[in-house]
Every structure is written in structure tokens, then in C-alpha cells.
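Engineer:
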Amino acid sequence: MEKYNPKAVEQKWQQYWLDHPYLAEDFGKKPKFVMLTEFPYPSGDGLHLGHTREYTYGDIIARYKRLRGYNVLYPMGFDAFGLPTENFAIKNKIAPQVATARNIANFTKQFQQLGWSFDYSRLINTTDPSYYKWTQWLFLQFFKAGLAYQAEIAINWCPRCKTGLANEEVQNGRHERCDTLVEKKNLKQWMLKITQYADRLIEGLKEVDFPSRIADQQINWIGKSTGAELEFAVDESTKIKVFTTRPDTLAGATFLVLAPEHPLVEQITTKDALPEVNSYRKMVASLSEVDRAEQKEKTGVFTGAYAIHPVSGERLPIWIADYVLMGYGEGAIMAVPTYDERDREFAEKYNLPIVADFALPTIGEAIKQIEQAGFGKPKVNFKLRDWIFSRQHYWGEPIPIIHCPDCGVVPVPEADLPVELPKVDHYEPTDTGESPLAAITGWVNVKCPNCGKDAKRETDTMPNWAGSSWYYLRYFDPRNDKAFAAPDKLAYWSGVGAGKVSEQKTGSEDNKGGSVEEPVFASGAKNTGAVDLYLGGMEHTTLHLLYSRFWHEFFYDQGLVPTPEPYAARRGQGIILAADGRKMSKSLGNVINPSSVIEDGYGADALRLAIAFLAPYDQTTPWNPEGVAGTYRFLVRFWNLCQGVIERAESVARRGITEGGSPSARGDFPVATGEIDPVRGEPPCGGMRKVRAKTIKKVQDNLEAMQYNTAVAALMEGLNSLAKLTPDADTLADFCILLSPFAPHIANELYSQLVADAPRPQNLDDAVFPTYDEKDLLEDEVEVVIQVNGKLRSKIKVPADKIDEVYLNSIAHSDAKVKSFIGSTPVKKTVVLPERRLVNVVI
RNA sequence: GGGCGAGUGGCGGAAUGGUAUACGCGGCAGACUCAAAAUCUGCUAUCAGCAAUGGUGUAAGGGUUCAAGUCCCUUCUCGCCCACCA
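Counting from 386, one number per residue, gives the positions in the first sequence under our numbering.
Next up, the structure:
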């Protein structure tokens, strides 16, 4: 018997798939299904187990959907801009373009080694000028719509990476990539007005299928709070605005607190208080974000000034304190120590008055009164800030803007896109907050496209979140050089009827990718979601996932895309920890490399099965190195079972030839006779048809519910049952189809051997998911469970056709075991559930 | 402090309110072998018992129900995310 050799089998089918690639068909007649997984950053370390889990899940779904008759688009690409490559380039004096190309080649090899059925004709790379041309073009749409603007603000600055950061990239005051303490730095920055979409980003979540932990996290991050903005007069001309969610507690306001950086502080502080206020402000300014947050006790100083309570007319002292943040609301609060714990702590420390008792109106009444009295109005605030979009690094998309001394900020004309990164010798970032591009005079100095005078290019680049904010759209039309994607392809892959695309814009020849003036897509389309299912990491919930929703919603408003939301459904996969429960990391030396597992001899199929079998897809769980041994054993057993059947068939065929008969006619198979192996007996689940039906149903139900671990368990159970029978080639071929989403190489190999000359598709890739007869699931004999007071006391086998309430009641009460438990106790009632095969006798 | 989620064998985990621990790992015993590995077979929650069998058992306590791992309340523990957000 031929032994299972994963290396040989996998190489054979990987070569086959190179020759016969899985291509998604534009405008295909079958229903479309876009299966998206987050594209990787192609680091020099190659794939890690997290990628392997994500892309394996995606591949299982893609292959399953193909078997169910879908036109599946399962694309892949590379999010290749970013600091690690730049740092690698600086250290090793290699151009980042060269390092990236090398890493991409390595990743692509690993993709194929894992048997992932991506449409390799659609590979994209965000650092390719033909790709970032459109990232730049889309940026210009934001600019033209007034959503990209420059502002000089105190931004988060990573002193190690020497670049500005978005709010979302700062975690606990540290840069999420390198863990360096973030500083504040005043710089002129490009910003994207994501705050304009704050409400839409919340509302849009109602239209899509996101798990609540993802939706809630986004909602929390956006941080909508409804309240009122109130004005407190200091004198005739000076008024302090505060934001409160509790305008009903106004009567309890006993002092005001401003953030130390509040612009009015200088103006209102009295002469006497000035020295103390100044030194306090200086002290606060010297603290890092983290130090400031870690200060347990609140501190503050009195400005010497007072504001007038708009209702009572009392004089409220104005303080400055570090617990009030300039970045939120108005940077000023009315302190109500009666109700707010922070205010009370502060009031107690500095001996400020606390009102014990006052009447609370409803919030609605309070706002009404405030509006009538004219010192305030309803106000909604968000925690979300505008997106700082400038980075002072080489390895990113140049921002396509030209600064002209006369015309000001001028967008690069569309015809001049892409603004390509110049080839340079040095990529080192600077300490000045200026991009290294600024030193490349030959690139920086240009003529103004408006007036032709000497002008300078913008030298900041985009953050690495830019290219990934729209990449899924590029998969729909990856090689288009006239538009980011042709409208008809956008419509097809978004699942929107072609009629929704306006006539004159359907062709890509005369179309520059749609324009702001003439929307390609009419608004009001039903949200089908361009991407049917998007699988990715939970860590991107408030970064990439939020950013790309923002971009897409803006594109929708511009008529550039047909659906209001990019992703119809999102799922987040769990993290694979090291076997000891710690995170896998290079520094701990506990990283598992998928290629080494494959090369250890287990092969890609066993690895894929082990990952699918590990735990529910969304659960963080430790890696068990022995698990691969288990799934490998399962494959060996399945292989050997199939080989036995194939050999018997071949020996019959040989005999047929020598006796002059036709080779291997189907009827010659000496299989599927008695079904039950006479030596081993009948398995608990019944005969072959039953095993087959049960396994198909379980695997199908589990796949639909994304329960991969139990789907694999069902396959294992199925094999355990089959091994006790004498299975026929046809049933085993169906098992191969069930197995193929998980372990495609061995499934294709065994399938092609099992069906040789059989009247069914000779290649598994042309097969469809098997069906079963509902009747096969029915049992002749049913085990009925008898409980006494809810506890299992007896099991009785009953012919299936005899099951009804009266019969079950009578057998339950005549059962000897049940009788002994009841004894002489009177029976209160008997619950009989024929459909559940259960009787409960209550005594 | 806020939001979300989870606590089931030695381990990963299974279980539409209805037979708790499927499937796998690990372990034990047996078969095969000169021997080992591999493979195959059986056992493997816990207590009592030679056994049949019985008692207990899904973090702890309470509740709803004929019936609770599952639903409700309280408490504890762990994980993830956010965090002086007014």
C-alpha cells in the first residue's frame, strides 16, 4: 500500500494549482462572494501563526463557498509601507523597495506552501506606484471636499521613530509599535476630518453584521456624549464655555475648573495669583501623558478670578487643574462636587464648597430652562479626534500637494499622479519634525501647477493606515490604470445591480475613476456591503477597521462606491498564544514558524487541520504542538482507509483486463456490499448511509456557523465510524469533498484516485458539496431517556415508529429501574416529550 | 473607574433549557516486536464497591423550571479594550 507522503502530495497539488489557479470571475453568473482577510505587512520574518490562522479560516470559507456554487473572490496583497522595512533599509543599506520585493516573494512562497486558494492574479502591493497613485488620488478627493486640512497643533510625537502619530496609535501613552513614551510636539500636520463622520460611523454599525464586542469597541472609541454647553460670565466681555452631560446639576456647581493649557487662563488670572499659576502650568507642561495620568492625587491652583453662576448669581472661584483635559469638550468644566466624584475629591482637598441638597430637574427640563435663559444650548461631544495624517518618514505615500508662495496649498493635478517616491541614499528620519524627503532638493523643488512659479512639494508622507483604508476595492479591479476600480466591477463585486451604475460612467476608458462633480453611484443604495465577510484581528478595531469605514462612507457620499458600508460582516479571530500561555514573541523565543511545522514532515494539511481544530475561531488559546501530531494521525488513517478501497478496485480492474473485460467498470467494485464489517460489527451511529448523512449535515452546519473545531471533530467521528464499516469509493470521495476545505491537498489526491473512471467530476475542484437524504438521518430504533425528578434513571430502546406520548408514558412506568426509584412515593406528574425522546417522572 | 467576554477532566475543548465531558492531546494497560518506535485494541471526572451499581460533580451562593453548564440575581476570579472624556 502506498504510504501517505504529505510532501509529495502537497507539492503535486500546489503545482497543479499554479497551472490551474483559482480565479474569481468578473461579472460571473454565479452569485458572488467576497471573502476578505487582512493583508499582511510583509516583514522579513515571514508568516507567523496568527497569519496562518486567519488565512486558513478564510481559505476554508472560500473553498466551502466554491463547493456551494459561489463565484468566490478570495484576494490577497501586501500592506508594505511602514517603519520596520524602513529601519531594515537604514540598517542594512538596502533600498526599501528591494527589501519589500524580497519579503513579498518569500510570503508568496509561503502562501502557496499552505495551499491557500487566493486569486494570485489579483495580488496587490500598497508600495507599488500603480497602487499608491490611487491612494493619492483618493486623498485628493478628501482635500477637494475640505476633509483634508493642515493644522499646527500639539501632536503625539514618538521620539524613537521620529514621527507624529494618530490618537489611535498611542496606547497608555506609548507608541503601540515600539512602546516608546510619546511626547507632545507642535507641528503643522495634515489632518483628516474623521470627526465629521462620528455619527455616521456609529449609525452605520446598525446596518452591518459585526459582533457586539467589535461594534461596542468602536462606539466607545467614538465616545458620543450628549449634554449641554453652558456659558459662565467672568466679566462683561469674557465668558467661559463648559461642556456637561449633567446640566440638571447646575444648581450644585460651586466652582469652575479650566485645563492648565486653556487659552483664557492668562487673561483671567489675577496679578497675585499669576506666579503660582505660571509655575503650575510649567510643571504640567513638563509632564508626559503617562506621568500626568499616573498622578493619583489631583492638583490645581486658584486663578484668583471668579465667574458668575447664571442662575443663583453667586461668585464661583475659577481654578486650573490637571484633571481637566484641553483635548475634550471645551477644556473647562463646571464642578459639581455633590455628584461628581472627581470634583468632590478636588473640593475636599482644596476646601471648596459642596452644596448638600438641591432639587434636580429632568435633563430635558434643565436644557429647556437653560436655552430660554440664553446661557447655553444642547451639545453633543465626541471623544474621537481628527486623524493626524502626516508622517515624517521616507517609506510612505507622498502627500500629493504642492506649496506655492502665491497660490498657497495646491493639489497635484490628477494627470501628474502618482507622485513617486524619489530613489535616495539616506532614509534616516530627522529630529526636527521634517521628513527626510525635505533634503532631496531635486524632488522638492517644482513649478506651481497653477501659476508656474517656483514652489515646493509637501514632504510629509501618509501613515501606513492609508493604503489599507481602501485596498479591498482595488481587488475588484487590480490592474486598472484609469480608475481606482471601474464602476461596473465595483457594482458587480459589491452585489449591486448594474442598473444602479449611471450610464455614462460604466466604461473605464473615458473615466478617470469618477469625480466629485459627477457621482458615479447614486446614493440610497441598500447596504449589501462590498465585502461579504471580513476576517481580521481584534487589535484593528479602532484603527484600520474604523479608518476604512470612514473612507468608504466618504466615498459613498461622493458617489464613488455603491454601498454605504465596506464590510457586510466582520469577524475577529483569536490570538494563538505559546504553549505556556504567554504571547508568542521574538524576544521570548517562543514563536512557531508554520513552515517549520510543515517541513517537520506533518505537511500543510495537518497544520491547517490542527489550527481549525484548536478552538473556536474567535477564542484566544494556547498552541499545542502535539495537536498537529493528532491531525496528522487522522490524515494517515483516512489515507490508509482510502488506499485499501482503491487497491481493491485496482485489483478488480487488473483482473478485468487479463480476463478481457472492460477495466474498472463501476459495478466491479467489491465494496458497499454488506456495509457492516462482519468482524467489527455495527458502529453506534448505524450503517454507511447514516454515517455519510450525519457527517455531511454536521460539517455543513458547522461550516455555515464558522464552527471549524467541531466540523473537524465531525470528520474525525465520521472516519472512526467508517473505519468500522466497509466503505465504498463513492462515499469516501464524498468524504474527500467534506475534508477539502480544511485539508485540500490530500482531499484532492484521494478524490482523484477514488473517482477514477467513475461517473462524477474527475477533479475535486469541479465537484459540488455533497447532499444527503433526510431519511438517512432517521433511526429505526430510538433510545428514550427516562428521568425521575430530572435525573437520568433508565434508557429504553424503542422502535422509532412507536414513539408517541401514550406509549412512552406506559413504558416509563413499567420500567423496573424506574419503578425501584419511585418506590411507594406517589407520582405527581409525568412529563413526556416524544420529540425529545425523553420522559420525566415527578414524584 | 467604564465597556465587553469567559470560568466545564491532567490539557485544548464539546453540549437547539432535556443522557455533562463529543473530538483530540496526554496518561495507563494489552497486542504486534529480540527490542524500541510506529500502528492497532481497551480504559481514563471523582468518591465508595470485586462487580453490578450507587453517591457527588460544569468558580461560589441563591432563584426560576417537571428539568439548569445553559436563563435570572449576588459574589469571586481571569482575559481583552478604553480610561481624570466632565
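Just so it is clear, CB atoms sit at the ideal spot from N, CA and C, and this is done for glycine as well.
Could you tell me whether the Cβ atoms of E395 and G988 are closer together than 8 Å?
Structural biologist: Their beta carbons are under 8 Å apart, which means E395 touches G988 by this criterion.
Engineer: Using the C-alpha atoms, what's the distance from G500 back to G608?
Structural biologist: Their Cα atoms are separated by approximately 42 Å.
Engineer: Between the Cα of I693 and the Cα atoms of V709, D707, A824, F640, which residue gives the shortest distance?
Structural biologist: Closest by alpha carbon: F640.
Engineer: State whether the segment 788-796 contacts the segment 831-849, with contact taken as three or more CB pairs (one from each stretch) at a distance under 8 Å.
Structural biologist: Touching, per the Cβ criterion.
Engineer: Do you know offhand how far E888's Cα is from K414's?
Structural biologist: The pLDDT assigned to E888 is 42, lower than 50, so where the model puts this residue is not dependable; a value taken from the coordinates is nonetheless given after this. Straight-line Cα distance between these residues: approximately 21 Å.
Engineer: For K768, which residues in the same chain have their Cβ closer than 6 Å to its Cβ, ignoring the five residues on either side in sequence?
Structural biologist: So the list reads G608, once near-sequence residues are dropped.
Engineer: Mark G944 as exposed unless 16 or more other C-beta atoms lie within 10 angstroms of its C-beta, in which case mark it buried.
Structural biologist: With 16 or more other Cβ atoms within 10 Å, it is buried.
Engineer: What span of residues does the beta strand (DSSP E) with W542 cover, start to end?
Structural biologist: W542 -> beta strand (DSSP E) spans 533-543.
Engineer: Go through its chain and collect everything with a Cβ distance to E1190's Cβ below 8 Å, but skip five positions before and after it.
Structural biologist: The residues are V1217, P1219.
Engineer: Label G974 either buried or exposed according to how many other C-beta atoms from any shown protein chain fall within 10 Å of its C-beta, with 16 as the threshold for buried.
Structural biologist: The residue in question, G974, is exposed, as its Cβ has fewer than 16 Cβ neighbours within 10 Å.
Engineer: Rounded to the nearest angstrom, what separates E387 and W606 at their Cα positions?
Structural biologist: Going from the Cα of E387 to the Cα of W606 covers about 58 Å.
Engineer: Can you grab the Cα-Cα spacing for the pair D801 / N830, in whole Å?
Structural biologist: Cα to Cα, the separation comes out at about 15 Å.
Engineer: Rank I540, L458, T520, K494 by C-alpha distance to the C-alpha of D853 and give the top, closest one.
Structural biologist: One detail in the question is off: residue 853 reads as Ser in this sequence, not Asp. Minimum Cα distance to S853 is reached at T520.
Engineer: What are the partner residues of F687, as DSSP defines its beta bridges?
Structural biologist: Paired residues: W704.
Engineer: Rounded to whole angstroms, what is the Cα-Cα separation between A758 and T623?
Structural biologist: Roughly 18 Å separates the two Cα atoms.
Engineer: What did DSSP end up calling A954 once you bin it into helix, strand or coil?
Structural biologist: Correct three-state label for A954: strand.
Engineer: Tell me which residue opens and which closes the beta strand (DSSP E) that R1178 is part of.
Structural biologist: From DSSP, the beta strand (DSSP E) with R1178 extends over 1176-1184.
Engineer: The beta strand (DSSP E) with S575 in it runs from where to where?
Structural biologist: The amino acid at residue 575 is misidentified as Ser; the sequence shows Trp. Residues 568-577.
Engineer: Quick one: what's L421 bridged to in DSSP?
Structural biologist: Y919.
Engineer: Is the beta carbon of E616 sitting closer than 8 Å to the one on F760?
Structural biologist: A contact, by the Cβ cut-off of 8 Å.
Engineer: Can you give the Cα-Cα distance for K392 and W398, rounded to whole angstroms?
Structural biologist: Rounded to whole angstroms, K392 to W398 spans 10 Å at the Cα level.
Engineer: For the candidate residues Y401, I748, Q958, Y932, whose alpha-carbon lies nearest to that of T630?
Structural biologist: For the residues Y401, I748, Q958, Y932, the minimum Cα distance to T630 belongs to I748.
Engineer: Quick check: L1088 and Y407, are their CB atoms within less than 8 Å of each other?
Structural biologist: Their beta carbons are not under 8 Å apart, which means L1088 does not touch Y407 by this criterion.
Engineer: Which same chain residues, not among the five before or five after D404, have their C-beta less than 6 Å away from its C-beta?
Structural biologist: Taken in chain order, the list of residues that qualify is empty.
Engineer: Classify M1073 as buried or exposed, calling it buried when 16 or more other Cβ atoms lie within 10 Å of its own Cβ.
Structural biologist: So M1073 counts as buried.
Engineer: M847 by DSSP, collapsed to three states: which one?
Structural biologist: The answer is coil: DSSP assigns M847 none of H, G, I, E or B.
Engineer: Can you give the beta carbon distance from F503 to Y455, rounded, assuming they're within the 8 Å contact cut?
Structural biologist: That belief does not hold up - the Cβ atoms of F503 and Y455 are roughly 16 Å apart, past 8 Å.
Engineer: Could you name the residues of the same chain whose beta carbon sits closer than 6 Å to that of E661, not counting the 5 residues immediately before and after it, in chain order?
Structural biologist: Around E661: V686.
Engineer: Any idea what DSSP makes of E1164, helix, strand or coil?
Structural biologist: In the structure shown, E1164 sits in coil (DSSP, three-state: anything other than H, G, I, E or B).
Engineer: Please report the distance separating the alpha-carbon of G1103 from that of I579.
Structural biologist: When rounded, the distance between both Cα atoms is 52 Å.
Engineer: How about the segment 929-941 and the segment 960-978: do they share at least three Cβ pairs that are nearer than 8 Å?
Structural biologist: Counting Cβ pairs under 8 Å, fewer than three are found: no touch.
Engineer: Does the separation of the CB atoms of I1228 and A1197 fall below 8 Å?
Structural biologist: No; because the gap between Cβ atoms is not below 8 Å, this pair is not in contact.
Engineer: Is the beta carbon of V1169 closer than 8 Å to that of V1183?
Structural biologist: Yes, Cβ-Cβ distance for V1183 and V1169 is below 8 Å.
Engineer: For G1059, is the classification buried or exposed, using 16 other Cβ atoms within 10 angstroms of its Cβ as the cut-off for buried?
Structural biologist: Low confidence applies here, because G1059 scores a pLDDT of 38, under 50, leaving its location unreliable; read the following figure in that light. Label assigned to G1059: exposed.
Engineer: What residues are listed by DSSP as bridge partners for T548?
Structural biologist: Partner(s): C543.
Engineer: Closer than 8 Å by C-beta to L710: which residues in its own chain qualify, once you throw out the five before and the five after it? Chain order, please.
Structural biologist: Correct list, in chain order: A644, G716.
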